[in-house]
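*Asks:*
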Amino acid sequence: MGPPPPPPTQPAGPAGYPQQPGDAYSTPGPYAVPTAARPKSGLSVTSFVLGLLGCIPVASIAAIVVGVLALTRKQAMRGLAIAGIVLGALWTVGFIAFFATGTPAKIVDAIEEAAQEIETSGQGGDHTAALGSEVGDCINDPALSPDDALEGTEVVDCAASHDMEVYHVFSLPDGAYPGDDQVTIAAEGGCIEAFEDFIGVSYEKSEFDIYLYYPIQATWTFADDRGVTCAVFDPSGRTTGTLEGANR
2 MGPPPPPPTQ PAGPAGYPQQ PGDAYSTPGP YAVPTAARPK SGLSVTSFVL
52 GLLGCIPVAS IAAIVVGVLA LTRKQAMRGL AIAGIVLGAL WTVGFIAFFA
102 TGTPAKIVDA IEEAAQEIET SGQGGDHTAA LGSEVGDCIN DPALSPDDAL
152 EGTEVVDCAA SHDMEVYHVF SLPDGAYPGD DQVTIAAEGG CIEAFEDFIG
202 VSYEKSEFDI YLYYPIQATW TFADDRGVTC AVFDPSGRTT GTLEGANR
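Here the numbering used here is used: position 121 in the sequence shown is 122, and no number is missing along the way.
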């Protein structure tokens, strides 16, 4: 017998679906995620800057308004907006307290009182002009002068009628302003000490009086003023000629 016949061929399985030709849509690529819009920060920054400039009344109010707008519009840098609101509020409260307590009027009154004190405390009507004077200069000063038209201290010829005569000029020690009382004591002490050498008798025995010009705190601090000018005058009225060596 010959070899057995081969087994019948197995039917092939169903053919697969034909592959679709590749195209751009067969394998979608990753989609790009849209970037969120970055919040603006202009109002926040503006509010903070206005808060720093709150010394200007309008700026303090504007800082609060702009800061609130920045928060309600959810702008970036909320911290700056909040800081601007706080600064604006503090400035506003400060201004209200400043004016409510009458501080401006008190400042004006204090300045007027200081000016009046300077005019009546023996410091003369023109401190700067007096400090430029030298020993032997004769002076007319509104504080002593019977001349109502005289507006400031002036140096005149000693041969003419005058209010007083400069007999000593010196400087106080440098350093911080020691206070009104200490300056007055030092100025008077220096003028009294030099009186006898010029007039011929001590101040206590003389019929004349002294008038002195000395620094106030403002000129001491801002003009480096340390000068003291000592002048002698006759309480009974103007004199003519020098009083040097008058011996009375």
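Cβ atoms here follow ideal geometry from the backbone N, Cα and C, with glycine treated the same way.
All values derive from a computational prediction rather than experimental measurement.
1. Between the stretch 170–184 and the stretch 200–210, do at least 3 Cβ pairs fall closer than 8 Å?
2. For P160 and G228, which I take to be in contact (beta-carbon distance under 8 Å), what is that distance rounded to the nearest angstrom?
3. Assuming M165 contacts Y212 (C-beta within less than 8 Å), just tell me the rounded distance between them.
4. Let me know the beta strand (DSSP E) ranges lying completely inside the stretch 170–234, each 3 residues or longer, listed in chain order.
5. Taking the DSSP output, what are the residues bridged to E155?
6. Is V136 helix, strand or coil by DSSP?
7. Only counting the same chain, and skipping five residues up and downstream in sequence, which positions put a Cβ closer than 6 Å to that of V157?
8. Looking only at DSSP bridge pairs, what is T102 linked to?
9. Are there 16 or more other CB atoms within 10 angstroms of the CB of P216, so buried, or fewer, so exposed?
10. Tell me whether the beta-carbon of G68 lies closer than 8 Å to the beta-carbon of S48.
11. Buried or exposed: which applies to G153, given that a residue is buried once 16 or more other Cβ atoms fall within 10 Å of its Cβ?
12. Roughly how far, in whole angstroms, is the beta-carbon of L145 from the beta-carbon of F234, given that I think they are within contact range, below 8 Å?
13. Who are the Cβ neighbours of H128 in its own chain at under 6 Å, not counting the five residues just before and after it?
14. Is it buried or exposed for V59, if we count other Cβ within 10 angstroms and need 16 for buried?
15. Give the secondary structure of T243 by DSSP, where H, G and I count as helix, E and B as strand, and everything else as coil.
16. Give me the Cβ distance between A84 and G52, rounded to the nearest whole Å; I'm assuming they're in contact under 8 Å.
17. Tell me the rounded alpha-carbon separation between S237 and A247.
18. Judging by CA-CA distance, which residue of K206, E189, G180 is the nearest neighbour of A219?
19. Cβ of I86 within 8 Å of Cβ of A64?
*Replies:* In brief:
1. no
2. For clarity, residue 160 is Ala in the given sequence; the question names Pro instead. Between G228 and A160 the Cβ distance is about 26 Å, and since that is not below 8 Å, they are no contact.
3. 5 Å
4. 210–214, 228–234
5. N141
6. coil
7. C139, N141, H163
8. None; T102 has no bridge partner.
9. buried
10. yes
11. exposed
12. 6 Å
13. Annotation note: pLDDT 46 at H128 (below 50); position unreliable, no value reported.
14. exposed
15. coil
16. 6 Å
17. 15 Å
18. G180
19. yes
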